[in-house]
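> This note's numbering puts the sequence shown at residues 1 to 355.
Pasting a structure here, questions to come.
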Amino acid sequence: MTKVARYFIELMQVALGRAESLSGMPTEKQWYGLLQMSIDHSMQGIIFEGIQRLPQDQFPPLRVKMLFHGQSEAIKLRNEAMNEQCAVVTDYFRKAGFRTAIMKGQGNARLYGELSDARSCGDIDLWVEGGFEKVNDFVQMTCPTKEVNELEIQYEAFPDVVVEVHYRPFIIRNFIYNARLQKFFESEAEACFGQNEPINWVTMRFNIIHQLAHIRLHLFTEGIGLRQLMDYYFVLLKSKEDRGEMMEIVRNLGMERFTAALMWIMNSIFRLEEEKLLCKPNEKDGRFLFHEIVKSGNFGRNDKELNEKKKEAYGHFWLLFIRNLRYWRFDKWDWICGPLWRFYYKFWKLKRGFK
Numbered sequence: 001m002t003k004v005a006r007y008f009i010e011l012m013q014v015a016l017g018r019a020e021s022l023s024g025m026p027t028e029k030q031w032y033g034l035l036q037m038s039i040d041h042s043m044q045g046i047i048f049e050g051i052q053r054l055p056q057d058q059f060p061p062l063r064v065k066m067l068f069h070g071q072s073e074a075i076k077l078r079n080e081a082m083n084e085q086c087a088v089v090t091d092y093f094r095k096a097g098f099r100t101a102i103m104k105g106q107g108n109a110r111l112y113g114e115l116s117d118a119r120s121c122g123d124i125d126l127w128v129e130g131g132f133e134k135v136n137d138f139v140q141m142t143c144p145t146k147e148v149n150e151l152e153i154q155y156e157a158f159p160d161v162v163v164e165v166h167y168r169p170f171i172i173r174n175f176i177y178n179a180r181l182q183k184f185f186e187s188e189a190e191a192c193f194g195q196n197e198p199i200n201w202v203t204m205r206f207n208i209i210h211q212l213a214h215i216r217l218h219l220f221t222e223g224i225g226l227r228q229l230m231d232y233y234f235v236l237l238k239s240k241e242d243r244g245e246m247m248e249i250v251r252n253l254g255m256e257r258f259t260a261a262l263m264w265i266m267n268s269i270f271r272l273e274e275e276k277l278l279c280k281p282n283e284k285d286g287r288f289l290f291h292e293i294v295k296s297g298n299f300g301r302n303d304k305e306l307n308e309k310k311k312e313a314y315g316h317f318w319l320l321f322i323r324n325l326r327y328w329r330f331d332k333w334d335w336i337c338g339p340l341w342r343f344y345y346k347f348w349k350l351k352r353g354f355k
């Protein structure tokens, strides 16, 4: 781990109240490296919170602190706007006759407590009840789009925010495990949709499985950042669900080894208490996973080869194939199930005229 990465983790721990200071004093160049790393992982606000809690003799140069401050204030304003938009979007779909629930995003921000305004936000992920045909018909009638994939539809009917309308919450690119995942979501649907609140938020039980599957799939396809791991830290910190029961679901979905690696990161990097973990950590796999996450940045922002190959249809396919082989330890079948899934849904989209 580089010194910049080490200081970054320490600042994150300070922000979370898991540490009080840095192990050394970063140079000015390293402070700019920390700023860039916070941008790469969409964690400027969180790292600035860590900086503010440092002893005064460890404060960064004034210019660096002001750059962090400016980005942090922009994140706070964006969060205020997104919270308002969640209410607007929910009300819009309710009036159209749909029950909905907010996933990830602002739902995760609610778990951050006093750090909620410091979390970088993105789009609104809205799970809409009704299935593909009913939900897609409504979207195409009100705001036509060809941006449709195997779980969501891009909905740009609202100013300043893109809503990802999910007709299913998430997928696993294995037809057997995916069927089990969809069955789990069906079992949670009423608890999520039936809250009768101004905004429905998905349950903590839902979050544990949904966000675990989300982190895992994005590792395989484009990379995942530390922001998503911090989200999961707060999910585990705030949830009271029985760990043994949740691990039974995890095993049934083929995610046990990946979960053990992630638990090492939760315990050793985020310093989450052992009783909050889902299972016993796997240090060897955890170190490998952490290295991959730090290297790639938020959704693969730092993976230059992957970003270049995305422009080439066949190049991207083969790069993902090789990437899946590298992560064989976490899924022994993704090297074949992943390509089969992509072929199937490529034809599915072409048949319907989607991009």
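Glycine included, every Cβ here is placed at the ideal spot set by N, Cα and C.
1. Specify whether the segment 123-133 and the segment 99-112 touch according to this definition: at least 3 beta carbon pairs, one from each stretch, less than 8 Å apart.
2. Smallest Cα separation from Gln85: which of Lys240, Glu188, Lys65 and Ala157?
3. Using beta-carbon positions only, say whether Asn79 and Asp40 come within less than 8 Å of one another.
4. Could you tell me the boundaries of the alpha helix (DSSP H) in which Thr90 lies?
5. With a cut-off of 8 Å, do at least 3 Cβ pairs link the segment 18-33 to the segment 49-63?
6. So the alpha helix (DSSP H) Val14 belongs to, where does it begin and stop?
7. Which residues in the same chain have their Cβ closer than 6 Å to the Cβ of Gly338, if we skip the five residues on either side of it in sequence?
8. Does Gln36 come out as helix, strand or coil in the three-state DSSP assignment?
9. How would you call Gln140, buried or exposed, if buried means at least 16 neighbouring beta carbons within 10 angstroms?
10. So is Leu229 buried or exposed if we call it buried at 16+ other beta carbons inside 10 Å?
11. Report the three-state DSSP secondary structure of His361 (helix, strand or coil).
12. Could you check whether the segment 259-268 touches the segment 281-299, counting it as contact only if at least three pairs of C-beta atoms, one from each stretch, sit closer than 8 Å?
13. Locate the alpha helix (DSSP H) running through His291, then write down its first and last residues.
14. So, using beta-carbon positions, are Ser296 and Gly244 closer together than 8 Å?
15. Tell me whether Gln182 sits in a helix, a strand or coil according to DSSP, three-state version.
16. Pick from Lys65, Glu28 and Arg119: whose alpha carbon is nearest that of Leu16?
17. What's the C-alpha gap between Met66 and Leu11?
18. Thinking Leu115 and Ile46 are a contact (beta carbons under 8 Å), I'd like their distance in whole angstroms, please.
19. Go ahead and pull the three-state DSSP assignment for Asp331.
20. Please report the straight-line C-alpha distance between Lys355 and Gln154, rounded to a whole angstrom.
21. Using CA coordinates, which residue listed in Val14, Phe220 and His166 is at the minimum distance from Ile271?
22. State buried or exposed for His166, treating a residue as buried only when at least 16 other CB atoms are found within 10 Å of its CB.
23. Kindly provide the ranges of any beta strand (DSSP E) runs that are 3 or more residues long and lie completely inside the segment 114-155, ordered along the chain.
24. Can you look up Ile102 in the DSSP assignment and give me helix, strand or coil?
A quick look at the data gives this:
1. Between the segment 123-133 and the segment 99-112, the count of C-beta pairs closer than 8 Å reaches three or more; the two stretches touch.
2. Gln85 has its Cα closest to that of Ala157, out of Lys240, Glu188, Lys65 and Ala157.
3. No. Outside cutoff.
4. From DSSP, the alpha helix (DSSP H) with Thr90 extends over Leu62 to Lys95.
5. Contact between the segment 18-33 and the segment 49-63 is present, because at least three Cβ pairs lie under 8 Å.
6. Looking at the DSSP string, the run of the alpha helix (DSSP H) that includes Val14 is Lys3 to Ala15.
7. So the qualifying residues of the chain are Arg173 and Asn324.
8. DSSP, reduced to helix, strand and coil, places Gln36 within a helical segment of the structure shown.
9. Within a 10 Å sphere around the beta-carbon of Gln140 sit fewer than 16 other beta-carbons, which makes this residue exposed.
10. By the 10 Å Cβ count, Leu229 comes out buried.
11. Outside the shown range of the chain (1 to 355) lies residue 361, about which nothing can therefore be said.
12. For the pair of segments examined, the segment 259-268 was found to touch the segment 281-299: the number of CB pairs separated by less than 8 Å reaches three.
13. For His291, the enclosing alpha helix (DSSP H) stretches over residues Glu283 to Ser296.
14. With contacts defined as CB atoms closer than 8 Å, Ser296 and Gly244 fail to qualify as a contacting pair.
15. DSSP places Gln182 within a helical segment (H, G or I) once states are collapsed to three.
16. Of Lys65, Glu28 and Arg119, the residue nearest in Cα terms is Arg119.
17. Roughly 17 Å between the two C-alpha positions.
18. Correct: roughly 7 Å between the Cβ atoms.
19. Asp331: coil per DSSP, three-state reduction.
20. The straight-line gap from Cα to Cα measures roughly 11 Å.
21. A small fix is needed here, since residue 271 is Arg in this sequence, not Ile. Out of Val14, Phe220 and His166, Val14 has the C-alpha closest to the C-alpha of Arg271.
22. It counts as buried.
23. The segment 114-155 contains these whole beta strand (DSSP E) runs: 124-128 and 152-155.
24. The three-state reading of DSSP puts Ile102 in strand, counting E and B together.
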